[in-house]
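Please read the structure below before turning to the comments.
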Amino acid sequence: MFPTNHKTIFVLDHTPYFGISSDYPIDFDVTKSRGPGYVPLPPVCKSLWTCSVEAAVEYCRIVWDLFPEGKLVRFVVSDSAAHILNTWAVSQQNLTHILNGLCLVGPVRPGAGGDVVGLCAAIESMGEPSPSQVTQVPTDRQNKNRGRIICITSARDNDSIRSLAEIALNTLVQQNKKASLAQPVASTDSTSNPQPLVVHYCHLVIINVTPEKLDSRVSDQPLTEMGGGLMGVEVRVSRASALANLLGRLVLPHYALATTTVTGIPMKEEQNASSSANYDVEIIHSADAHAGLRASQTVAEAAGSVVLRWWTPRGAEGGASGCSGPLWRVTPADVASRPSACLVNFLLNGRSVTLEVPRKGGGRSASHVLAAQGGELWIGALGGRMQYDDPPALSEGAGGRVTDYRIKEFGALMQQNRLHPLRGAGSNTRARSRLQRHTTYWPLTISSTLIFNLGAVVEPLTRLVVQESLSDEEVDQCRAVLLSLLGMESRHEFPATQLPTNMRGKSSGRREEQWRQVWSELEALVRAHAQSPAHRTLLRVLLECRAHNNHGNDGESRATVIRATTDSPLSPVGAGNGTAAAAAGDVWAPRSVLDALLGPPRPLRRPDFAGRMTAGNRVATLYPHLQQDVEAQH
Amino acid sequence: MGYVSLSMSRPVPSSDTTETHTRFTVASAAINTFLDYLCIHTKLEYVALVSFSSTFEVAVPFTRDFDTIRSKLPLLEEGDKTCIDIALAGVNQLILSEWGNQTPAQIILVTDGTCGVGPIGRNRIIQALPLPASYPVKIHVLPVVSPHETCLQQAMPLYQKIVDMASSAPNLANGTTSRGSIYCPDQLTVPGIVAAMTRLCEQQYQEFWCTLKCGQLEARVQLFPAPQTVINEGLGTTYTLSNQIQVIGFLQQQELGTPIAISKHLVIPQAQVGGNTSTRENYGSKTPTKEGSSTDSSATEEDMSDPSKIPNFCVLLHGALKVEGMAAIVQLGAEWWGALTAWCEASRARRSCLLLSAMRPGAKAAPWLGPLDQLGPPDEANAANPETFPVRSWRSYSGGGSGGAGGGGAGCAWARPHALLADVQKVLRHARKLPDKTQHLYKELNRLRRAAISLGFSELLTCVGSALERERASLPASASPECALQLAHAAAALRDPRTALDIKHTLTPLPANFAVTSMTH
Numbered sequence: 000m001f002p003t004n005h006k007t008i009f010v011l012d013h014t015p016y017f018g019i020s021s022d023y024p025i026d027f028d029v030t031k032s033r034g035p036g037y038v039p040l041p042p043v044c045k046s047l048w049t050c051s052v053e054a055a056v057e058y059c060r061i062v063w064d065l066f067p068e069g070k071l072v073r074f075v076v077s078d079s080a081a082h083i084l085n086t087w088a089v090s091q092q093n094l095t096h097i098l099n100g101l102c103l104v105g106p107v108r109p110g111a112g113g114d115v116v117g118l119c120a121a122i123e124s125m126g127e128p129s130p131s132q133v134t135q136v137p138t139d140r141q142n143k144n145r146g147r148i149i150c151i152t153s154a155r156d157n158d159s160i161r162s163l164a165e166i167a168l169n170t171l172v173q174q175n176k177k178a179s180l181a182q183p184v185a186s187t188d189s190t191s192n193p194q195p196l197v198v199h200y201c202h203l204v205i206i207n208v209t210p211e212k213l214d215s216r217v218s219d220q221p222l223t224e225m226g227g228g229l230m231g232v233e234v235r236v237s238r239a240s241a242l243a244n245l246l247g248r249l250v251l252p253h254y255a256l257a258t259t260t261v262t263g264i265p266m267k268e269e270q271n272a273s274s275s276a277n278y279d280v281e282i283i284h285s286a287d288a289h290a291g292l293r294a295s296q297t298v299a300e301a302a303g304s305v306v307l308r309w310w311t312p313r314g315a316e317g318g319a320s321g322c323s324g325p326l327w328r329v330t331p332a333d334v335a336s337r338p339s340a341c342l343v344n345f346l347l348n349g350r351s352v353t354l355e356v357p358r359k360g361g362g363r364s365a366s367h368v369l370a371a372q373g374g375e376l377w378i379g380a381l382g383g384r385m386q387y388d389d390p391p392a393l394s395e396g397a398g399g400r401v402t403d404y405r406i407k408e409f410g411a412l413m414q415q416n417r418l419h420p421l422r423g424a425g426s427n428t429r430a431r432s433r434l435q436r437h438t439t440y441w442p443l444t445i446s447s448t449l450i451f452n453l454g455a456v457v458e459p460l461t462r463l464v465v466q467e468s469l470s471d472e473e474v475d476q477c478r479a480v481l482l483s484l485l486g487m488e489s490r491h492e493f494p495a496t497q498l499p500t501n502m503r504g505k506s507s508g509r510r511e512e513q514w515r516q517v518w519s520e521l522e523a524l525v526r527a528h529a530q531s532p533a534h535r536t537l538l539r540v541l542l543e544c545r546a547h548n549n550h551g552n553d554g555e556s557r558a559t560v561i562r563a564t565t566d567s568p569l570s571p572v573g574a575g576n577g578t579a580a581a582a583a584g585d586v587w588a589p590r591s592v593l594d595a596l597l598g599p600p601r602p603l604r605r606p607d608f609a610g611r612m613t614a615g616n617r618v619a620t621l622y623p624h625l626q627q628d629v630e631a632q633h
Numbered sequence: 000m001g002y003v004s005l006s007m008s009r010p011v012p013s014s015d016t017t018e019t020h021t022r023f024t025v026a027s028a029a030i031n032t033f034l035d036y037l038c039i040h041t042k043l044e045y046v047a048l049v050s051f052s053s054t055f056e057v058a059v060p061f062t063r064d065f066d067t068i069r070s071k072l073p074l075l076e077e078g079d080k081t082c083i084d085i086a087l088a089g090v091n092q093l094i095l096s097e098w099g100n101q102t103p104a105q106i107i108l109v110t111d112g113t114c115g116v117g118p119i120g121r122n123r124i125i126q127a128l129p130l131p132a133s134y135p136v137k138i139h140v141l142p143v144v145s146p147h148e149t150c151l152q153q154a155m156p157l158y159q160k161i162v163d164m165a166s167s168a169p170n171l172a173n174g175t176t177s178r179g180s181i182y183c184p185d186q187l188t189v190p191g192i193v194a195a196m197t198r199l200c201e202q203q204y205q206e207f208w209c210t211l212k213c214g215q216l217e218a219r220v221q222l223f224p225a226p227q228t229v230i231n232e233g234l235g236t237t238y239t240l241s242n243q244i245q246v247i248g249f250l251q252q253q254e255l256g257t258p259i260a261i262s263k264h265l266v267i268p269q270a271q272v273g274g275n276t277s278t279r280e281n282y283g284s285k286t287p288t289k290e291g292s293s294t295d296s297s298a299t300e301e302d303m304s305d306p307s308k309i310p311n312f313c314v315l316l317h318g319a320l321k322v323e324g325m326a327a328i329v330q331l332g333a334e335w336w337g338a339l340t341a342w343c344e345a346s347r348a349r350r351s352c353l354l355l356s357a358m359r360p361g362a363k364a365a366p367w368l369g370p371l372d373q374l375g376p377p378d379e380a381n382a383a384n385p386e387t388f389p390v391r392s393w394r395s396y397s398g399g400g401s402g403g404a405g406g407g408g409a410g411c412a413w414a415r416p417h418a419l420l421a422d423v424q425k426v427l428r429h430a431r432k433l434p435d436k437t438q439h440l441y442k443e444l445n446r447l448r449r450a451a452i453s454l455g456f457s458e459l460l461t462c463v464g465s466a467l468e469r470e471r472a473s474l475p476a477s478a479s480p481e482c483a484l485q486l487a488h489a490a491a492a493l494r495d496p497r498t499a500l501d502i503k504h505t506l507t508p509l510p511a512n513f514a515v516t517s518m519t520h
């Protein structure tokens, strides 16, 4: 479903008439005269053309500031021919492109022509699908092609306006006829040149522009339907000098926008830095941002600009984080004014502003926050309690009384898995498979692991083994770790300094036990990663070390073997087993080649029945919607 | 949030003669059923009780202490007549004052199965309804009436209208959620109404469970409030939260900023059930040491029966996010992302919890992070120098640096005279400070020219040309000869349409070799 404001086309009258002066003089000699003999400059008047261009450009500025995507605007300049300045393509939907196009059009030149040719071209353009319309299924009945044409022209009287609207309607009807005929044929070969769409609705806004002192015989006309609802025509009359204001007002309903006047912004005077005066800045944003104020507004207040007071920030502001709801983009109504620039720079520099509803009786209530993120300005609404306030204490929930989580280590893991803005698809997937590797063997608590508590002795190995692949030097580094552990064990030492006190064993029996845990944990760790050939090499080294170490104390090793054979294949493998596999040239790892080919390090378990997932602890109900449907039919 | 209103005390028609129930006691049974359900499934829900007739009264304001509602129920006083519009107006007032307009609410209208007995007909009631509300809401209707009564046939269209109108709230630009329903009892008895209310609870107040996964670590969690399916009408797509929330990676909290969120949910870790418990901790518990160690095995078993003593990934994640000041980016479903943060309520500084912000569906919910589907680990190749946040956007107000076009759109925002005046004054200020500002003067002139050409405003250039000429005429005698030469050069260029109005032409300062000659004599 595409709203009418998805596509807008400006038709600008570029006929000789628009070269005449607006008769609205602008005086540049505002500063006091600089003594005698200083000839004053004659004031300058813009032409009707200049007035209509700048008003249309300002309209676009607001639209594109607030909707960087999805709200498209095109320009058609009409004189003896129609000059189409841009297409619906995203790359041409920006002010720079429009302004360059306008440069090439140049000022009004003498000659013939009119607004009709441009209007017809605009209607034709309306039939061209936008990029997002191309991707939508054309048969979808929801997929209505609607749009708006804003035609800035100057007509003799109401009759000329009416005939202009009728020409537009006829063109539209003819074009729709062609488009609906072309549809079945074109669908086969229209890969390069997208077929024209039927226009389901066109909102035509005709703006009749006159110079300052000229009486116009055209009058405002409210929206009237033509052609059985195919077209809605609206006529506005405006002095050239007021045109920018008019379009600045029209843009609000066209895009469901509203304005807020931020009042009482303290600013230093340029000349006198010690004093500061208060300024107002008007900003434009989605009307939704005012939803919270609507209940307390009168009709008149809702139609005008909402006045909110600047709440001088005290200390650090939380940015937009205080908003529990959505944020909306903001743009200043008058982008070139100094107060606007001051407010914008304040925000772009990373500060945020709280706004409050001015109250006569005292008492303050914060209503909105203004903040910049990523170089754009945003407004968010404050207020109201949140449904999730007063949360249950984590310490009373599951896992809440466990006190030895490996929080610091998980912090390190998070740092290693930081995200960056990349280009191209598959980035998310790569991030996830990286996380998958990093968490393959990851005990949650300090007391459930020894190897991660041994500090620098084991650290190179635990750090390197999570990599996707290992170089020869890295394998050597890991081998060195294993050998040094082996050495320590044979010297009856234990790197216990890093361990929490309750895990330090003094007795030799306890120490042997700890060594056994170290080796089996290491094996579990390395086995979990034994995907690449280098990792398998490492696993072989590890198994050799274990074999070595188990030969030293005979009785123990037998026990291990017995336990290993009765355990599941996932549990640590005994010495004899390992060496046999190593001798065969490769080691057993808990994955088949097929698993390795399929990518994820560990086959996903079959997903649980969806009903059970949602049912939680209760008995899952089958066909939960059945009853609901019956209810709905009532 | 739940909320209830009632307005009836007519006796239940005496098909069931053994018990004497009024509609009111039947309705009370329904409400007790509702509260019983919440106690088991969503204890964190806030509920208020509003009774209405031709006036409304907040019997119990929003609370999690459901017993106050239970004890208040028998004390409610009967009113005069059913005025649904008054009831809804009262509820709107209550919800807006307590929750504002951004918190979704559910209203359960417990009423007597009539359109109400006011001076106005059904269509007039529909017009009088204060709907759609300015906050997101679902309204359910539970008529305490026998399904065969004729008044219900009349009232059903009204109820349907209420349900439909409630969900067409205007401020749901981010997508609408599903709408409410009407739940009629099969028969006008306590078991009948209890069954209807139970259906309502099971369909509308179901708790939401899912698995939070971070690589191979995972925890079963409950999300509160339960997330709703989001419908984007513009694209005709729906987004439903999947049963698995997958962590993609991590960001500093400043980098994350405040994304455009559509809802926020507490992430509450749940006790791991049965065999699911220790798949993760397998490695730890299966190490020979643990199995073999006879020390405190009894204590371990005791620990295992107390879920708060079994390590839970969720608690670890919360702790680490808090300590590091980081956030986790999670995938909620196809083309839908969220952020997990450790959130601390300001008023309860010590009670912190894990909060999920469900972002607006689509990859653009936080433009300063770039497209969300393209967040990833730095390439091995340029790991040393990865691209950083924020991804900046340029807007008309962004100011300098946005390329040569003179500040995007602001360059020609001359619709208001003061802006035009300021730009002309800037040129003249530079003109008065020659020769120091020669480069600045030409730069500003070219900027002015560019804007004037695109607006077809040649009159301006002629005027500025005259102004420069005037500056030249009023130069003091002591001024460097270069000033006069440059001003004359610039003025002439502005008044010659061939150089002034050709966009490909750039005005450049007069070559300064005369400076050398003036030095030599």
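The listed protein sequences derive, respectively, from chains Y and X.
Take the first sequence: its position 197, counted from the start at 1, is 196 in numbering that gives the first Met the number 0, and no numbers get skipped.
Take the second sequence: its position 452, counted from the start at 1, is 451 in numbering that gives the first Met the number 0, and no numbers get skipped.
Heads up, the beta-carbon is just placed ideally off N, CA and C, and yes, glycines get one too.
In this text, all values refer to a predicted model and were calculated from it rather than measured experimentally.
- Comparing alpha-carbon positions, the option among X:S479, X:I502, X:T113, X:L460 lying closest to P41 (chain Y) turns out to be X:L460.
- In this structure the segment 367-378 of chain Y lies against the segment 358-367 of chain X, because at least three pairs of beta carbons, one per stretch, are closer than 8 Å.
- In terms of CA proximity to E165 (chain Y), Y:G227 leads the group Y:G227, Y:Y58, Y:V236.
- Secondary structure note for W336 (chain X): its beta strand (DSSP E) is the uninterrupted segment 335-343.
- Residue-level contact check: A290 (chain Y) touches chain X, since one or more beta carbons of chain X fall below 7 Å from its beta carbon.
- Three or more beta-carbon pairs separated by less than 8 Å are not found between the segment 334-341 of chain X and the segment 201-210 of chain X, which leaves the two stretches without contact.
- Only residues of its own chain outside the window of five on either side were considered, and among them F249, L250, Q251, Q252 have a CB closer than 7 Å to the CB of M325 (chain X), listed in chain order.
- Taken through DSSP and simplified to helix, strand or coil, D372 (chain X) comes out as helix.
- Of all alpha-carbon atoms in X:E443, X:S392, X:T236, X:L447, the one lying nearest the alpha-carbon of P67 (chain Y) is that of X:S392.
- Around the beta carbon of I85 (chain X), a 10 Å sphere encloses 16 or more other beta carbons of the protein chains shown; the residue is thus reported as buried.
- Per DSSP, reduced to three states, the secondary structure at R417 (chain Y) is strand.
- Residues of the segment 107-124 of chain Y with a Cβ closer than 7 Å to any Cβ of chain X, in chain order: V107.
- Boundaries of the alpha helix (DSSP H) harbouring Q435 (chain Y): 426-437, taken from the DSSP string.
- Residues of chain X with a Cβ closer than 8 Å to the Cβ of C102 (chain Y) are, in chain order, R449, I452, S453, I502.
- Short of 7 Å from the beta carbon of A466 (chain X), and not among the five residues preceding or following it, lie these beta carbons of its own chain, in chain order: L427.
- Using a Cβ-Cβ distance cut-off of 8 Å, the segment 221-230 of chain X and the segment 302-319 of chain X are not in contact, since fewer than three pairs of beta carbons, one from each stretch, lie closer than that value.
- Shortest Cα-Cα distance from N142 (chain Y) to any of Y:D12, Y:V133, Y:I148, Y:I149 involves Y:V133.
- Following the DSSP letters along the chain, one finds C50 (chain Y) inside the alpha helix (DSSP H) bounded by residues 47-65.
- Contact with chain X is found for N427 (chain Y), since one of that chain's Cβ atoms lies less than 7 Å from the residue's Cβ.
- Segment contact: the segment 63-78 of chain X against the segment 91-103 of chain X, fewer than three CB-CB distances shorter than 8 Å; contact not assigned.
- The segment 216-227 of chain Y and the segment 153-173 of chain Y touch, with three or more beta-carbon pairs separated by less than 8 Å.
- Its Cα nearest to that of G324 (chain Y), the residue X:K263 stands out among X:L444, X:V136, X:K160, X:K263.
- Collapsing the DSSP output to three states places W98 (chain X) in a helix.
- Neighbours of K432 (chain X) in chain Y, taken as residues whose beta carbon is under 7 Å from its own, are absent, since the nearest beta carbon is some 15 Å off.
- Bounds of any beta strand (DSSP E) do not take in Y404 (chain Y), whose DSSP letter is neither H nor E.
- For E543 (chain Y), the closest alpha carbon among the candidates Y:L485, Y:Q476, Y:R510, Y:L84 is that of Y:L485.
- Scanning its chain for C-beta atoms nearer than 6 Å, with the 5 sequence neighbours on each side dropped, one finds around F17 (chain Y) the residues L47, W48, V107, in chain order.
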